[in-house]
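Asks: Using this note's numbering, read the sequence shown as starting at 80 and increasing by one per residue.
All residues carry an ideal CB built from backbone N, CA and C; glycine is no exception.
These numbers come from a predicted model, not from an experiment.
This is the structure I have questions about; it appears just below.
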Amino acid sequence: MTASPTEVFGPYHVYEELGIGGMASVHRAALADVAGFTRSVALKRMLPHVAGNAEMVKAFVREARLASHLRHENVAQTYDLGRVGDIYFIAMELIGGRDLREILVHCAQTTGPMPVPIALHILNQICDSLDYAHNLCDDTGQPLGIIHRDVTPSNIIVSEAGVVKLIDFGIAKASAVGMQTMSGTLKGKFGYMAPEYIAGSLDARADLFALGVIAHELLTNRPLFTAHDDLETLTKLQQMEVVPPSHSNSEVPREIDGIVMTALARDPE
80 MTASPTEVFG PYHVYEELGI GGMASVHRAA LADVAGFTRS VALKRMLPHV AGNAEMVKAF
140 VREARLASHL RHENVAQTYD LGRVGDIYFI AMELIGGRDL REILVHCAQT TGPMPVPIAL
200 HILNQICDSL DYAHNLCDDT GQPLGIIHRD VTPSNIIVSE AGVVKLIDFG IAKASAVGMQ
260 TMSGTLKGKF GYMAPEYIAG SLDARADLFA LGVIAHELLT NRPLFTAHDD LETLTKLQQM
320 EVVPPSHSNS EVPREIDGIV MTALARDPE
């Protein structure tokens with residue numbers, strides 16, 4: 080890195096902001112060890128105004144604990160959890176590339192739908208990451224029961240090397256004791272939520288519904304469930320008739336149509 084850091088935060092040199100949410104901000108940062116080796120990371124820090132909220136702190140630490148179990152080439156890695164003063168942080172893998180939302184916007188403005196083989200390549204890697212997370216067990220062999228709950232284009236990054244990474248397990252749910260996220264609220268983007276999630280009941284198939292929405296959008300380059308407001312989006316999600324991707328893109332094979340439509344079934348059974 081040639082630019083000067085904006086600040087020093089514990090052992091990290093902090094550079095530009097990459098994003099900010101209601102609970103935390105994410106910056107590009109670097110950690111230099113005693114041998115002079117520098118590791119670039121995405122440094123996620125709790126915002127000062129929530130650092131004193133005990134429930135928020137617990138949720139943040141739960142996120143790090145959950146993410147620490149995940150070791151897969153298609154899942155962004157978590158390296159460190161710590162605290163500097165009153166501010167908790169998580170150091171994560173820094174991925175050079177574009178998120179899928181940016182790629183979809185670029186395709187819409189330039190080439191139209193991406194070639195089907197490329198879309199399937201991306202979808203296969205997302206499937207691998209979810210299959211891994213859904214079937215992960217702890218050290219005793221107990222299934223962790225992980226559900227991501229926010230599988231959306233903005234949480235999928237395609238690296239410069241073409242590797243697809245699923246990021247942000249910050250609202251994920253794990254059934255293992257001590258790893259439940261706060262309940263009673265809808266989390267994630269409404270246009271990607273499975274109907275059973277909205278009804279208050281979900282399992283790993285909710286992530287597959289979200290993946291079905293993403294697949295449909297990748298293959299058609301058109302948003303599937305969008306509206307003027309959240310309520311209208313939810314109504315469409317629960318009631319709108321969905322047609323196979325090949326209706327908009329004749330290059331999509333019928334067998335792929337079938338897979339996507341199965342993922343989008345409103346009845347998880």
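1) Count the other C-beta atoms from every protein chain shown that fall within 10 angstroms of the C-beta of Asn203, then say buried if there are 16 or more, exposed otherwise.
2) Quick check on this structure: which residue in Thr314, Val339, Leu316, Leu310 has the alpha carbon closest to the alpha carbon of Pro324?
3) Tell me the start and end of each unbroken beta strand (DSSP E) in the stretch 162-205 that is at least 3 residues and wholly inside, in chain order.
4) Find the nearest neighbour of Leu149 within the set Ala278, Ile226, Leu110, Arg284, judged by alpha-carbon distance.
5) By DSSP, does Leu303 sit in helix, in strand, or in coil?
6) Quick check on DSSP: helix, strand or coil for Lys244?
7) Taking the C-alpha atoms as reference points, what is the distance between Leu297 and Met193?
8) From the DSSP output, in three-state form, read off Glu296 for me.
9) Write down the C-beta distance between Phe248 and Glu142 rounded to the nearest angstrom, noting that I regard them as a contact closer than 8 Å.
10) In the DSSP assignment, the beta strand (DSSP E) including Thr312 goes from what residue to what residue?
11) Could you check what DSSP says for Tyr94 in three-state terms: helix, strand or coil?
12) Could you check the C-alpha separation between Leu145 and Thr190 for me, to the nearest Å?
13) Please state whether DSSP places Ala109 in a helix, a strand or coil.
14) Hey, could you find the ends of the alpha helix (DSSP H) Ser147 is sitting in?
15) Would you list the residues sitting across from Ile99 in a DSSP beta bridge?
16) Using the Cα positions of Ile205 and Asp336, report the straight-line distance between them to the nearest angstrom.
17) What separation, rounded to the nearest whole angstrom, lies between the Cα atoms of His307 and Asp286?
18) Measuring straight from C-alpha to C-alpha, what distance separates Glu95 and His106?
Replies: Concretely, from the data shown:
1) exposed
2) Val339
3) 166-172, 176-178
4) Ile226
5) coil
6) strand
7) 7 Å
8) helix
9) 6 Å
10) Taken as a continuous stretch (DSSP letters only), Thr312 belongs to no beta strand (DSSP E), being part of the alpha helix (DSSP H) at 309-318.
11) strand
12) 39 Å
13) strand
14) 133-147
15) Ser104
16) 18 Å
17) 24 Å
18) 6 Å
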